Each structure stands twice: as structure tokens, then as C-alpha cells.
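>
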Amino acid sequence: MSDAAFALAFANALAASKEISHYGIDIHPRVTLTRASPPTVLSEWLVTADHIGANGSIDEGVVATVTDNTLSTLSVALCAAGANMAMAVTELSAHIVRPIMPGTVVEMLCSLESDPFIAQPHASVVFRNKRDSACIYAVVFAAASRTAIATPKL
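In my numbering, the protein residues as written are 4 to 157.
In C-alpha cells, the structure reads:
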């Protein structure tokens, strides 16, 4: 699949996902880059005080939910692009790395680390500061991973 075809499939899946529940969390990261091979999505969102837990880090529930929502959209895009597959999550983990201040723009780098159509595709997400010319190194605030089971649609 070409990058352009994947970008269109992801945009269509993202538009459709805004019509469904996101489990009480209203975070819709702005997509800044999609790449078909390997399937990758780079997006960003502004962290508010509501997203920060008592320990000063992005709340683990926020990390897990945003990870699941974004990777679900990526899965839908891949399946819509030609595979007659559905994916069910078998493992989702969130890891907090360091505190964050409200008002920080976070980039989410989502990458599928294995063939999406094998039995258990695995993906990772890194939550890092948005880099610009003044910031050479990424500061990682959190990381997450998700493994699913790919099954043929009935």
C-alpha cells in the first residue's frame, strides 16, 4: 500500500472513530504524519491539567486510552485498505517515564512493529515532547504498547 493510500484510509478511519465513544476521554490528537511501511502515525495533542495524575505525570489511564484509540484507528485503516481482518486487543500496557507540565505539546509516535496480518500484531507508542529547531533531543514522558489478535472477519 502506498503512503497516500494509507493516509486516506487512516483519515477515513479517524473521521469514523469520532462518531463512537472514546470511553469518556475527549482527546483527538492532530495527525501530522502517516507512513504505510512500516505502518506509522505521528500525532500531537496539548496536555492539560485534566490529563495529569497526582504524581505530576500524564495519567496512566489517559496514556492507555489514547494509545488504544489511536492504534484501533490504525488497525481499522489497515483492515479497510484490503485485508478482511479484525483485531482484538490481548495486551495493553502504559509506562510513565517522567513528570510533565500542563500546556506541553506532546507528540505520539505510533508504530506497528510486526506484520499487521500475522496472528499477534504488536505496536508501540512513545509520548515525547514536540521537537523544533531549538530542541534537538526528545524528552520521553510515557510509552505504551499493545498486542492484538488478528482474525478473519465473519
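Just so it is clear, CB atoms sit at the ideal spot from N, CA and C, and this is done for glycine as well. These figures come from a predicted structure and were not determined experimentally.
(1) Going by DSSP in three states, Ser75 sits in which element: helix, strand or coil?
(2) Check the DSSP bridge columns for Asn132 and list the partner residues they point to.
(3) Taking just the CA atoms, how far does Val92 sit from Ile152?
(4) So, is Val79 buried or exposed, given that buried needs 16 or more other C-beta atoms within 10 angstroms?
(5) Would you mind sorting Leu77 into buried or exposed? The rule is 16 or more other CB atoms within 10 Å of its CB.
(6) Hey, Phe9 and Ala39 are a contact pair by Cβ (cut 8 angstroms); roughly how many whole angstroms apart?
(7) Cutting at 8 angstroms between CB atoms, please list the residues of its own chain near Pro32, excluding the five before and the five after it.
(8) Run through the DSSP bridge pairs and tell me what Met90 is partnered with.
(9) Starting from Ile46, trace the beta strand (DSSP E) both ways and give me its first and last residue.
(10) What is the DSSP secondary structure of Ser24, counted as helix, strand or coil?
(11) In angstroms, rounded to a whole number, what distance separates the CA positions of Ala126 and Arg149?
Judging by the given coordinates:
(1) Start at 1 with the first residue of the sequence shown, and residue 75 comes out as number 72. Helix, per DSSP.
(2) The residue labelled residue 132 in the question sits at position 129 within the sequence shown. BP columns for Asn132 point to Val109.
(3) As a position in the sequence shown, residue 152 is number 149, starting the count at 1. As a position in the sequence shown, residue 92 is number 89, starting the count at 1. Taking the straight line from one Cα to the other gives about 6 angstroms.
(4) Counting from one through the sequence shown, the residue named residue 79 turns up at place 76. The residue is buried, with at least 16 neighbouring Cβ atoms inside 10 Å.
(5) Counting from 1 along the sequence shown, the entry for residue 77 is found at position 74. Leu77 is buried by the Cβ-count criterion.
(6) Here residue 9 refers to the residue found at position 6 when the sequence shown is read from its first residue. Here residue 39 refers to the residue found at position 36 when the sequence shown is read from its first residue. Going by Cβ atoms, the distance from Phe9 to Ala39 rounds to 4 angstroms, so yes, they are a contact pair.
(7) Stepping through the sequence shown from its first residue, residue 32 is reached at position 29. These residues qualify, in order along the chain: Ser46, Glu47, Trp48, Val69, Thr73, Met111.
(8) Here the question's residue 90 lines up with position 87 in the sequence shown. Its beta-bridge partners are Ala153.
(9) As a first step, residue 46 is located in the sequence shown; it is residue number 43 there, counting from the start. This sequence places Ser at residue 46; Ile is not what is there. 43–49 is the extent of the beta strand (DSSP E) around Ser46.
(10) Within the sequence shown, numbered from 1, the residue matching residue 24 stands at position 21. Unreliable positioning characterises Ser24 in this predicted model, as indicated by a pLDDT of 47, which lies under 50. The coordinate reading is nonetheless provided below. Correct three-state label for Ser24: coil.
(11) If you number the sequence shown from 1, residue 126 lands on position 123. If you number the sequence shown from 1, residue 149 lands on position 146. The alpha-carbon atoms of Ala126 and Arg149 are separated by roughly 5 angstroms.
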